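A.B. asks:
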Amino acid sequence: MINKLEEIKERFEEVSKLIVLPETMADMKKYAKLNKEYKELDKIVKHYHEYQEIKEGIANTKSLLETEKDTEFREMAKEELEILQEKCAKLESDLKTMLIPKDPNDSKNIILEIRGGAGGDEAAIFAGDLFRMYERFAETQGWKVGIMDVTEGSSGGYKEIIASVSGEDVYGKLKFESGVHRVQRVPATETQGRVHTSAASVAVLPEVEDVEVEVNMSDVKKEIFCASGPGGQSVNTTYSAVRLTHIPTGVVASCQDEKSQHKNLDKALSVLRARIYEIELQKQNEEVGAARKSMVGSGDRSDKIRTYNFPQSRVTDHRINHTVYNLPSIMNGEIEDFIEKLRIADNAEKMKEGSGALTD
Numbered sequence: 007m008i009n010k011l012e013e014i015k016e017r018f019e020e021v022s023k024l025i026v027l028p029e030t031m032a033d034m035k036k037y038a039k040l041n042k043e044y045k046e047l048d049k050i051v052k053h054y055h056e057y058q059e060i061k062e063g064i065a066n067t068k069s070l071l072e073t074e075k076d077t078e079f080r081e082m083a084k085e086e087l088e089i090l091q092e093k094c095a096k097l098e099s100d101l102k103t104m105l106i107p108k109d110p111n112d113s114k115n116i117i118l119e120i121r122g123g124a125g126g127d128e129a130a131i132f133a134g135d136l137f138r139m140y141e142r143f144a145e146t147q148g149w150k151v152g153i154m155d156v157t158e159g160s161s162g163g164y165k166e167i168i169a170s171v172s173g174e175d176v177y178g179k180l181k182f183e184s185g186v187h188r189v190q191r192v193p194a195t196e197t198q199g200r201v202h203t204s205a206a207s208v209a210v211l212p213e214v215e216d217v218e219v220e221v222n223m224s225d226v227k228k229e230i231f232c233a234s235g236p237g238g239q240s241v242n243t244t245y246s247a248v249r250l251t252h253i254p255t256g257v258v259a260s261c262q263d264e265k266s267q268h269k270n271l272d273k274a275l276s277v278l279r280a281r282i283y284e285i286e287l288q289k290q291n292e293e294v295g296a297a298r299k300s301m302v303g304s305g306d307r308s309d310k311i312r313t314y315n316f317p318q319s320r321v322t323d324h325r326i327n328h329t330v331y332n333l334p335s336i337m338n339g340e341i342e343d344f345i346e347k348l349r350i351a352d353n354a355e356k357m358k359e360g361s362g363a364l365t366d
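Position one of the sequence shown corresponds to residue 7 (the working numbering), numbered consecutively onward.
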């Protein structure tokens with residue numbers, strides 16, 4: 007790993023020089039890319055410098071203990087050595103985590119899709135609860151949420167809701183939310199107080215550019231229709247809603263949120279690309295899955311990942327066997343604890359695969 011850290015240090019020095027060149031400053035796209043790389047490498051290099059200083063301190067202290075005769079001075083040196091070794095172990099752990107290859111999609115915006123599953127009206131209501139949970143979490147992160155398509159439930163909530171979420175590291179934080187979310191509670195329509203179990207599925211798709219997923223419009227069937235949901239005065243009066251079908255894959259995407267057909271087309275294309283990209287990602291995951299099956303899941307929509315039990319105010323994530331008893335806070339968007347523990351679990355698995363001590 008020392009060799010890897012030395013390579014990173016060399017690249018950091020190279021980027022430091024490139025970023026201040028006049029030709030770089032004149033090309034904003036290139037500058038932004040290098041600036042992002044600079045910030046990422048800077049964190050690692052600073053940790054590496056500190057690690058090297060502490061390793062040198064440990065070596066010096068050990069050398070001192072070999073020659074020093076004064077008992078009091080030796081005790082002080084032993085205490086100092088213990089402190090340095092603890093710091094060294096912490097930095098070593100941090101550096102190992104930093105060297106884990108990043109998912110290139112982590113910094114991307116997402117398409118969030120939530121659908122009511124088994125449970126009828128109660129499932130649609132729960133889908134609405136989940137959307138509000140993510141909406142409130144997004145507010146705490148400073149992210150922007152935009153609704154793209156909605157099919158409302160007959161008793162509230164959503165049979166289906168599709169939204170865009172944009173901001174910093176959106177996919178990186180929400181990617182482990184994909185899967186089946188289960189709720190156990192007494193529905194408002196239940197007259198005998200019995201607890202029912204319902205479910206809703208969540209899909210978190212990284213938003214992709216047209217250069218990443220090439221969609222030939224000659225392979226796309228386009229349909230226009232009157233909007234039936236939110237959209238102001240144009241609802242049911244103007245053919246502004248758009249439905250796109252990608253014939254080779256059968257993938258369908260629609261959008262009716264905007265009054266403009268052109269804007270709805272752009273949004274529908276964005277969803278279409280994301281869904282096609284997800285198919286490709288799934289293929290890659292299946293290929294990798296033979297060698298590595300992540301404990302926290304592959305984002306498969308059929309995986310049951312979490313249960314929300316209202317009578318006991320309990321929320322359990324089944325992938326990491328983590329349970330909390332603060333359901334109202336969770337439903338109010340306080341899901342950072344789950345997100346962090348899932349990220350740590352995933353990183354721990356990746357570290358096992360590339361395990362090795364930091365040796366010279």
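Every residue gets a Cβ at the ideal spot worked out from N, C-alpha and C, and that includes glycine.
Keep in mind it's a predicted model, so treat the numbers as computed, not measured.
Tell me the start and end of each unbroken alpha helix (DSSP H) in the stretch 316 to 355 that is at least 4 residues and wholly inside, in chain order.
C.D. replies: Segments of the alpha helix (DSSP H) lying fully in the stretch 316 to 355: 333 to 337.
A.B. asks: Report all residues from its chain with a CB closer than 6 Å to the CB of Lys181; omit the five preceding and five following residues, and keep chain order.
C.D. replies: Answer for Lys181: Val210, listed in chain order.
A.B. asks: By DSSP, does Cys261 sit in helix, in strand, or in coil?
C.D. replies: Note: Cys261 maps to strand in three-state DSSP.
A.B. asks: In the DSSP assignment, what residue or residues form a beta bridge with Pro107?
C.D. replies: In DSSP, Pro107 forms no bridge with anything.
A.B. asks: Among the candidates Ser113, Gly123 and Lys310, whose CA atom is the shortest distance from the CA of Glu213?
C.D. replies: When only C-alpha atoms are compared, the closest one is Ser113.
A.B. asks: When burial is assigned at 16 or more other CB atoms within 10 Å of the CB, is Ile350 buried or exposed?
C.D. replies: Exposed, by the Cβ-count rule.
A.B. asks: Please report the straight-line C-alpha distance between Leu24 and Ala144, rounded to a whole angstrom.
C.D. replies: Using only the alpha carbons, I get a separation of about 35 Å.
A.B. asks: Determine the DSSP secondary structure at Leu211, reduced to helix, strand or coil.
C.D. replies: It is a strand residue.
A.B. asks: Please go through the stretch 116 to 190 and give each complete beta strand (DSSP E) segment of 3 or more residues, from N-terminal end onward.
C.D. replies: Whole beta strand (DSSP E) segments, 3+ residues: 116 to 122, 150 to 158 and 164 to 172.
A.B. asks: Thinking just about the alpha-carbon of each residue, which of Gly199, Gly134, Lys179 and Thr146 is nearest to the one in His187?
C.D. replies: Among Gly199, Gly134, Lys179 and Thr146, the Cα nearest to that of His187 belongs to Gly134.
A.B. asks: Starting from Ser204, follow its DSSP beta bridges and name the residues at the other end.
C.D. replies: Partner(s): Val189.
A.B. asks: Just the Cα atoms here: how many angstroms apart are Glu56 and Ala95?
C.D. replies: Cα to Cα, the separation comes out at about 12 Å.
A.B. asks: Given this structure, state the Cα-to-Cα distance separating Leu11 from Asn41, to the nearest angstrom.
C.D. replies: So the two alpha carbons sit approximately 19 Å from each other.
A.B. asks: Run through the DSSP bridge pairs and tell me what His252 is partnered with.
C.D. replies: Its beta-bridge partners are Val226 and Val257.
A.B. asks: Where Asp225 and Gly256 are concerned, what is the direct C-alpha to C-alpha distance, given to the nearest angstrom?
C.D. replies: When rounded, the distance between both Cα atoms is 10 Å.
A.B. asks: Pull the bridge partners of Gly231 from the DSSP assignment, please.
C.D. replies: At residue 231 the sequence reads Phe, which differs from the Gly that was named. Answer by DSSP bridge pairing, in chain order: Ala247.
A.B. asks: Do Ile14 and Ile60 have their C-beta atoms closer together than 7 Å?
C.D. replies: Not in contact: Ile14 and Ile60 (Cβ atoms no closer than 7 Å).
A.B. asks: According to the neighbour-count rule (16 or more other Cβ atoms, all chains shown, within 10 Å of its Cβ), is Val21 buried or exposed?
C.D. replies: The residue is buried, with at least 16 neighbouring Cβ atoms inside 10 Å.
A.B. asks: Specify the secondary structure class of Ile311 as computed by DSSP and reduced to three states.
C.D. replies: Note: Ile311 maps to strand in three-state DSSP.
A.B. asks: When the distance is taken between beta carbons, is Ile131 closer than 7 Å to Gly162?
C.D. replies: Cβ atoms of Gly162 and Ile131: closer than 7 Å.
A.B. asks: Over the uninterrupted alpha helix (DSSP H) stretch that includes Gln58, give me the two end residues.
C.D. replies: Run containing Gln58: Met34 to Thr73, per the alpha helix (DSSP H) assignment.
A.B. asks: Looking only at its own chain, which residues have a Cβ that is under 6 Å from the Cβ of Glu229, when we skip the five neighbours before and after it?
C.D. replies: Answer for Glu229: Arg249, listed in chain order.
A.B. asks: Counting C-beta neighbours from all protein chains within 10 Å, is the total for Val171 16 or more, i.e. buried, or is it exposed?
C.D. replies: The residue in question, Val171, is buried, as its Cβ has 16 or more Cβ neighbours within 10 Å.
A.B. asks: Would you mind sorting Leu27 into buried or exposed? The rule is 16 or more other CB atoms within 10 Å of its CB.
C.D. replies: With fewer than 16 Cβ atoms within 10 Å of its Cβ, Leu27 is classed as exposed.
A.B. asks: May I have the straight-line CA-CA distance separating Ile120 from Phe137, to the nearest angstrom?
C.D. replies: Approximately 7 Å, taken between the alpha carbons.
A.B. asks: If contacts are defined as beta-carbon pairs under 8 Å, then Val151 and Glu166 qualify, I think. What distance do you get, rounded to the angstrom?
C.D. replies: Wrong, their Cβ atoms sit about 16 Å apart, outside the cutoff.
A.B. asks: Measure the alpha-carbon distance for Tyr54 versus Leu101 and round it to whole angstroms.
C.D. replies: Taking the straight line joining both Cα atoms gives about 7 Å.
A.B. asks: May I ask which residues mark the beginning and end of the alpha helix (DSSP H) holding Ile25?
C.D. replies: From DSSP, Ile25 is part of no alpha helix (DSSP H); its letter is neither H nor E.
A.B. asks: I need the DSSP call for Glu196, collapsed to helix, strand or coil.
C.D. replies: DSSP places Glu196 in coil when its eight states are reduced to three.
A.B. asks: Report back the beta-carbon spacing between Thr157 and Asn353 to the nearest angstrom; my notes put them in contact at under 8 Å.
C.D. replies: Wrong, their Cβ atoms sit about 37 Å apart, outside the cutoff.
A.B. asks: Cutting at 7 Å between CB atoms, please list the residues of its own chain near Thr146, excluding the five before and the five after it.
C.D. replies: Same-chain partners within the cutoff: Gly339.
A.B. asks: Decide if Met154 is buried, meaning its Cβ has at least 16 other Cβ atoms within 10 Å, or exposed.
C.D. replies: Result: buried.
A.B. asks: Is the separation between the beta-carbon of Ile336 and that of Val321 shorter than 7 Å?
C.D. replies: Contact: yes.
A.B. asks: Taking DSSP as the reference, what is the three-state secondary structure of Asp100?
C.D. replies: In this structure, Asp100 counts as helix in the three-state DSSP scheme.
A.B. asks: So for Met7, helix, strand or coil by DSSP?
C.D. replies: Coil, per DSSP.
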